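Under our numbering, the first residue of the sequence shown carries the number 1, and numbering increases by one thereafter.
Ideal Cβ placement from N, Cα and C applies to all residues, glycine included.
Computed from a predicted structure; not experimentally measured.
Here's the structure, in structure tokens; my notes come after.
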Amino acid sequence: MPARELVVLGTASQAPTRHRNHNGYLLRWDREGLLFDPGEGTQRQLLFAGVASSAITRMCLTHFHGDHCLGVPGVVQRLSLDKVAHPVVAHYPASGAHWFERLRHATPFHEVADLREEPVSADGPLATGRFGTLSARRLDHPVESFGYRLDEPDGRSMLPERLAAAGVTGPDVSRLARDGALDVGGRTVRVEDVSAPRPGQSFAFVMDTRLCEGVEALAAGVDMLVIESTFLHADADLAHRFGHLTAREAAQVAARAGVDTLVLTHFSQRYRDPAAFAAEAAEVFDGPTVVAADLMRVPLPPRRVSPPRSA
Numbered sequence: 001m002p003a004r005e006l007v008v009l010g011t012a013s014q015a016p017t018r019h020r021n022h023n024g025y026l027l028r029w030d031r032e033g034l035l036f037d038p039g040e041g042t043q044r045q046l047l048f049a050g051v052a053s054s055a056i057t058r059m060c061l062t063h064f065h066g067d068h069c070l071g072v073p074g075v076v077q078r079l080s081l082d083k084v085a086h087p088v089v090a091h092y093p094a095s096g097a098h099w100f101e102r103l104r105h106a107t108p109f110h111e112v113a114d115l116r117e118e119p120v121s122a123d124g125p126l127a128t129g130r131f132g133t134l135s136a137r138r139l140d141h142p143v144e145s146f147g148y149r150l151d152e153p154d155g156r157s158m159l160p161e162r163l164a165a166a167g168v169t170g171p172d173v174s175r176l177a178r179d180g181a182l183d184v185g186g187r188t189v190r191v192e193d194v195s196a197p198r199p200g201q202s203f204a205f206v207m208d209t210r211l212c213e214g215v216e217a218l219a220a221g222v223d224m225l226v227i228e229s230t231f232l233h234a235d236a237d238l239a240h241r242f243g244h245l246t247a248r249e250a251a252q253v254a255a256r257a258g259v260d261t262l263v264l265t266h267f268s269q270r271y272r273d274p275a276a277f278a279a280e281a282a283e284v285f286d287g288p289t290v291v292a293a294d295l296m297r298v299p300l301p302p303r304r305v306s307p308p309r310s311a
């Protein structure tokens, strides 16, 4: 199974810096590649990260401020230039459909990629498949904004020693997993007899917002929370005025929500020392915390024994 990991393409907020590109995050999730908030320069950052355009299966925009979407034209055109064969679904706030149209067709190009637009207009599920369920929740920002959450359903892991003891081998293992029970030499073997619960994993992506109900719902019990921390708490007044979070607030969300791994990002250019964000978060959250840097790869944490589910 391909690795599940977050590939960080950019971590700056409104203005890129010498060391931080505009936003951009690719979540590798088995056969899926979810590209979140491709800011300016994302196409080039994908090259630096060694990620082909064919890895992208969905594009998810939280809102239409430039640092979260000015990379759309390059990415869209690259999909066609590389003749990506599979459909790519684009989610974005429905109120900004005219902005997406302008970004998608910013310049003339030969469009051959199958880009399917599925705008977001309300809280709730957006897509369901083998990967799980992708859902959205409204955030609190000066322009309409949505955060995203991906939940894998719980499953079961087959235990080789129990399968062997029950005489289940070869293709019968798949049949048992599919049907739930199997006749083996006149004896019924149930999938529960030869397997253990396998908790599903979850991921949330929260960008520009003040604290609100949507933030809490998205973060609830996830294995990885990627969340903006544009400001340090000394500048909380600025954060609230412009519709952002501080590192302390982001960490408080993670602590309340029972998050496993916290990933802080979307940093204002006013701050020079990334360690200050980690130090502030550590005051209120004692779990693993990552201060994102461009081109960093962050693996999803190991599965929990009994994960919370309350989104």
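Check, Outcome
"Buried/exposed call for F100, threshold 16 Cβ in 10 Å", "buried"
"Inter-residue spacing [alpha-carbon to alpha-carbon] between V143 and S80", "30 angstroms"
"Separation of P199 from R304, as counted between CA atoms", "7 angstroms"
"Extent of the continuous alpha helix (DSSP H) run through F242", "A236 to F242"
"CA-to-CA distance, R162 to R210, given in whole angstroms", "50 angstroms"
"Three-pair Cβ contact test at 8 angstroms for the region 215–233 versus the region 262–280", "yes"
"CB of Y92 within 9 angstroms of CB of F205, strictly", "no"
"Nearest residue (CA-CA) to S135, options G124, M224, S145 and G129", "G124"
"Cβ separation of V184 and V194, assumed to be a contact under 8 angstroms, to the nearest whole Å", "About 10 angstroms; that fails the 8 angstroms criterion."
"Assigned secondary structure, A55 (DSSP; H/G/I helix, E/B strand, else coil)", "helix"
"Cα-Cα separation, R312 to A234", "In the structure as shown, the chain starts at 1 and stops at 311, and residue 312 therefore has no counterpart that could be examined."
"Three-state secondary structure (DSSP) of V72", "helix"
"Through-space distance from V259 to A220, alpha-carbon basis", "7 angstroms"
"Cβ contact check for the region 239–251 and the region 95–110: 3 or more pairs under 8 angstroms", "no"
"Exposed unless 16 or more other CB atoms sit within 10 angstroms - verdict on F285", "buried"
"Within 9 angstroms, strictly: CB atoms of A177 and V189", "no"
"Of the listed residues E213, V112, E117 and R31, nearest to L61 (C-alpha basis)", "E117"
"Three-state class that DSSP yields for D208 in the structure shown", "coil"
"Chain-order list of residues whose beta-carbon lies under 6 angstroms from that of D82 (same chain, five-residue window excluded)", "S53"
"Spatially closest choice to E152 from R18, L159 and D223, by CA coordinates", "D223"
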